[in-house]
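Worksheet: the structure to be examined is printed underneath.
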Amino acid sequence: MENFYSWAFLGLRVVLVGTLFSFLGLAFLRLLRSLRRDERTITARYKPVIRLRMDDGYQKADFEFVANHFYIGRDPICEYVINHETVSSRHTIISYHHNQWWIEDAGSRNGTFLNDLTVEQQTVLTDNDSVRCGNVTFTLFIVY
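In this text, residue positions in the sequence shown follow the numbering used here: the first is 533, and each later residue adds one.
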């Protein structure tokens with residue numbers, strides 16, 4: 533009978549240790565989820581707005597974007613439409629990730645240029661950058 537009690541006591545200890553580790557694991561997961569949710573909230577709250585200013589004879593306008601990414605091109609489906617023959621239907625993609633605005637060429641025919649340098653891969657944008665799509669140039673402003 534004494535052997536039964538020692539096994540029962542050992543089983544009870546194993547159950548208690550398992551319960552303790554389960555509780556700690558769930559508490560850790562809940563804390564991790566809360567931190568991730570707070571990070572997304574803070575990032576979304578402080579994401580800077582990007583403003584495009586064009587004044588080159590084709591179009592004269594200011595546009596502000598708050599979406600995480602948008603297309604610039606001639607296609608009406610693009611968020612910023614430029615009606616010029618040197619601009620491809622989907623010319624450029626501007627996106628926000630890793631707490632920065634980025635630009636990349638979307639396979640355009642005439643290329644995308646950032647401050648007169650060819651954009652060959654995703655490149656970080658800074659305030660007052662000059663972007664050229666085909667023969668159309670505009671200035672980007674990042675509003676904090």
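Note that the Cβ used here is the ideal one computed from N, Cα and C, for glycine as well.
Residue i - containing beta strand (DSSP E), residue span
i       : result
Thr-624 : 624-629
Beta-carbon proximity list for residue i, same chain, < 7 Å, skipping 5 on both sides
i       : result
Val-651 : Ile-635, Glu-636, Asp-637, Thr-644 and Phe-645
Val-619 : Gly-605, Arg-606, Cys-665, Gly-666 and Val-668
Ser-662 : Asn-647, Thr-669 and Thr-671
Cys-610 : Tyr-603, Ile-604 and Arg-622
Which residues DSSP lists as bridging residue i, in chain order
i       : result
Leu-646 : Leu-649 and Val-663
Glu-603 : According to the sequence shown, residue 603 is Tyr rather than Glu. Ile-625, per the DSSP bridge assignment.
Phe-673 : Arg-583
Glu-596 : Arg-583
Thr-655 : Ile-635
CA nearest to the CA of residue i, picked from the options
i       : options                               : result
Tyr-676 : Val-598, Val-619 and Phe-602          : Val-598
Thr-624 : Leu-657, Leu-542, Asn-535 and Tyr-537 : Leu-657
Glu-617 : Ile-609, Asn-642, His-629 and Glu-611 : Asn-642
Ile-626 : Ile-674, Arg-568 and Phe-541          : Ile-674
His-601 : Arg-568, Tyr-628 and Ile-614          : Tyr-628
Residues near residue i in its chain [Cβ-Cβ closer than 6 Å; skip 5 each side]
i       : result
Val-640 : Sequence inspection shows Ser at residue 640; the Val mentioned does not correspond to that position. Closer than 6 Å at Cβ, skipping near neighbours: Ser-620 and His-623.
Glu-596 : Val-581 and Arg-583
Spatial distance of residue i from residue j (CA atoms)
i       : j       : result
Asp-570 : Tyr-537 : 49 Å
Asp-594 : Lys-579 : 19 Å
Thr-655 : Leu-649 : 11 Å
Asp-659 : His-630 : 17 Å
Arg-585 : Val-613 : 13 Å
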